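Take a look at the structure below.
Right, dumping it as structure tokens:
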């Protein structure tokens, strides 16, 4: 395969890889864009389905809620009238007829009440006008074309009450009757009935109802077209088909996939994906009834994705056009490049001979430079070795000087510490001297107190002697006090003598400590001078070592440069040989280009 590729012309070799890479890139981009496009189109279409479904559901809800609201209004008014006994059969009959006249889509309006459930006067209305033989209130207005007629619900045609009455009677709840058919003016008509239940204090009284045509609802459903081929079906609470594109399915049970039936039972808006189409189920809530109707919209998947397929086709055509344009541009560029390469190969061939001669001369000069660099490197290495020995000796001297400086600094520190401690000792002795003087003063005071106490004791003895027998006890106490005063005076004299001796010794010690402090100051000053000299010597040694190190470093750098020059000279020789070899290869390549272009 590679052999075949190498036999292609330069233009073909350049165009073919670009074409393959461009095709792969366009395919990958097309796949990615189409995938995103299909997803976005599907989401947009489903959203459109949901909007149409909800709008249609609201329209149907309003259509069915209108009769319930009318009957609710009538029922509330009746209950209010019953509270005050103002209900009137004739008025209610007229109101039902008026509602029928104003709504062309109503087939009938009617009412049915329990025995005596309306006004308690059924017996009075037996066989009365607009009543039948039971007298119960059963008015029924019927539309036949443009004519509205009146009859009672119970009549020879409808002798019995149906589910429209019996179920509300049982449940006491409003309801929408399942769709049914009837013959009106000779035509089959589909309708349903909105039944409003009248309940008072939890008791069922009767019903008010409207027969509604389903034709209007069907026309609304038939106009629902989210897409051209969408199919919309309306089903009742019992899943009876109310409206369908297939007329033969109407008024029959709704048949569908199990997943669709499940969505209807759950009574919430839901999408169901079947094999070839999407199904949207939209619930219809009417007047809060228990009966739940549903709107079902079926749309083929191909219809939903039609915009995506169209965009994919446009993208494919655009990509194909882009690929052709790229290939054409590359092909023309390759042709131009081929001509330039032919001209360049001629110039390279003419200059190849001159390059070879220059390379041979470069090879010779490089060899000579390599020999000279080798001799220079040997001399520099010897110089560097000598400098290393000198540097080692200087470093040793520097270390010794730094050690001596450190010891001197330590001695100075110790001398200063001794001086400081001596100062502390002098201060302490001064404080002791002051304390001794204070003690001496205190002993003097004690001696005076003892003297006064002795005098007082003597006076007390004299007074006791004068007192005679009564002063004997007091004389004994006075004698004891005088004895203690004498002993205190003796002790105070002893303490004073000792304190005086201590004061003299402390003075002598303080003088001695001051003399020692002066000697320590002198020693500390001498040590500081020695430490300063040692530090200066150490700094000078460090500077000397630094200078020698710099010289050694410079020599080392010179050595490296010389060795690098030698290596580069050898590389020049090798490079020259390699370039000469490659020049032969270039010459062969130029010949190949000239032949393949």
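Residue numbers (the UniProt record's numbering): 1 to 597. Using N, Cα and C, we set each Cβ at its ideal position, and we do this for glycine too. Keep in mind the model is a prediction, meaning the values are calculated, not measured.
inquiry  = By the three-class DSSP mapping on this structure, what secondary structure does residue 204 have?
reply    = strand
key: C-beta atoms of residue 209 and residue 195 nearer than 8 Å   = yes
task = Report yes if the CB atom of residue 286 is closer than 8 Å to the CB atom of residue 293, and no otherwise.
result = yes
query = Whose CA, out of 283, 199, 396, 500, lies closest to the CA of residue 82?
reply = 199
inquiry  = Which residue wins for smallest C-alpha separation from residue 97, given the options 149, 166, 105?
reply    = 149
task = Starting from residue 231, follow the beta strand (DSSP E) in both directions and report where the run begins and ends.
result = 231 to 235
inquiry  = If you follow the alpha helix (DSSP H) that residue 165 is in, where does it begin and where does it stop?
reply    = 163 to 171
query = For residue 446, which option in 554, 486, 302 has the closest C-alpha, if you only look at C-alpha atoms?
reply = 486
ask   = Below 8 Å, can you find three or more Cβ-Cβ pairs linking the stretch 105 to 112 to the stretch 221 to 234?
value = no
ask   = Since residue 64 contacts residue 176 with CB under 8 Å, what's their CB separation in whole angstroms?
value = 7 Å
message = Within a Cβ cutoff of 6 Å, which residues of the same chain sit near residue 119, ignoring the five residues on either side of it in sequence?
response = 87
inquiry  = Using the Cβ count rule (16 or more neighbours within 10 Å means buried), how would you classify residue 127?
reply    = exposed
Residue 113 in three-state terms, based on DSSP = strand
task = State yes or no: is the C-beta of residue 133 nearer than 7 Å to some heavy atom of the ligand FAD?
result = This structure simply doesn't include the ligand FAD, nor any ligand for that matter.
query = Which two residues bound the contiguous alpha helix (DSSP H) that contains residue 101?
reply = 89 to 102
message = According to DSSP, is residue 133 part of a helix, a strand, or is it coil?
response = coil
query = Out of 132, 181, 240, 570, which has the shortest C-alpha to C-alpha gap to residue 212?
reply = 181
task = Please name the residue, chosen from 490, 324, 271, 236, that lies closest to residue 257 on a Cα-to-Cα basis.
result = 271
task = Indicate the three-state DSSP secondary structure (helix, strand or coil) for residue 197 in the structure shown.
result = strand
From 143, 381, 84, residue whose alpha carbon lies closest to that of residue 561 = 381
request  = State the Cα-Cα distance for the pair residue 144 and residue 55, rounded to the nearest angstrom.
outcome  = 32 Å
message = Going by DSSP, what residue range makes up the alpha helix (DSSP H) through residue 302?
response = 301 to 304
inquiry  = What residue range does the alpha helix (DSSP H) around residue 262 cover?
reply    = 258 to 266
Under the three-state DSSP convention, the category residue 489 falls into = helix
ask   = With contact counted as at least three CB pairs below 8 Å, one residue from each stretch, are the stretch 451 to 458 and the stretch 474 to 489 in contact?
value = yes
ask   = Using DSSP with H/G/I as helix, E/B as strand and the rest coil, what is residue 148?
value = strand
key: Residue range of the unbroken alpha helix (DSSP H) whose run includes residue 223   = 215 to 223
query = Just the Cα atoms here: how many angstroms apart are residue 290 and residue 90?
reply = 33 Å
ask   = So, are the CB atoms of residue 299 and residue 227 less than 8 Å apart?
value = yes
task = Pull up the distance between the alpha-carbon of residue 248 and that of residue 262, whole angstroms please.
result = 24 Å
ask   = Is residue 270 helix, strand or coil by DSSP?
value = strand
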